[in-house]
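Numbering (my numbering), first residue to last: 6 to 151. Where is the CB? At the ideal position from N, CA and C, for every residue including glycine. Here the structure comes first, spelled out in structure tokens, and everything after it is commentary.
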């Protein structure tokens with residue numbers, strides 16, 4: 006799985022408080038499954054919920070939500086374009102610790118396509134990125150690492 010590390014890098018770049026305090030950003034993969042089609046190859050898809058937890062955060066929730074949305078726009082665009090996923094969005098919880106800090110938990114439904122082929126030396130495994138939306142305005146989001 007490549008998306009958890011990619012999201013961590015994007016948030017560390019976009020949120021200075023997380024760059025200064027990386028120990029305040031926790032990422033977990035929950036409810037994971039591998040879906041294979043039974044086709045002639047071993048290609049499959051990871052399907053999982055990524056749980057992102059930011060602890061002792063002293064900024065507004067927007068400081069995390071906007072970079073998460075920018076990352077999703079590139080790495081899980083169906084959150085924006087699938088009518089079912091648009092209605093559902095993604096889930097979050099906030100534990101308000103005091104007048105200035107919060108613990109924020111975000112749950113993102115993610116998928117990753119993986120192609121597996123066999124060559125002379127063994128398995129060749131390729132992780133696929135999401136197709137780019139040609140109608141996006143790059144001035145409105147920062148894609149972060151791929």
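Buried or exposed by the 16-neighbour rule on C-beta atoms within 10 Å, applied to residue i
i	result
residue 39	exposed
residue 24	exposed
residue 104	exposed
residue 88	exposed
residue 20	buried
residue 33	exposed
residue 102	exposed
residue 121	exposed
Pairwise C-alpha distance: residue j and residue i
i	j	result
residue 28	residue 12	15 angstroms
residue 2	residue 134	What the structure shows of the chain is the stretch from 6 to 151, and residue 2 is not part of that stretch, so it cannot be assessed.
residue 58	residue 125	43 angstroms
residue 68	residue 26	15 angstroms
residue 36	residue 111	14 angstroms
residue 44	residue 81	24 angstroms
residue 98	residue 123	43 angstroms
residue 63	residue 22	8 angstroms
residue 76	residue 15	7 angstroms
Residue i, DSSP secondary structure in three states
i	result
residue 38	strand
residue 80	helix
residue 99	strand
residue 24	helix
residue 7	coil
residue 110	strand
Counterpart residues of residue i in DSSP-defined beta bridges
i	result
residue 127	124
residue 50	40 and 118
residue 56	33 and 112
Three CB pairs or more closer than 8 angstroms across the stretch 125–132 and the stretch 84–100 | no
Is the number of C-beta pairs between the stretch 116–127 and the stretch 41–58 that are closer than 8 angstroms three or more?
-> yes
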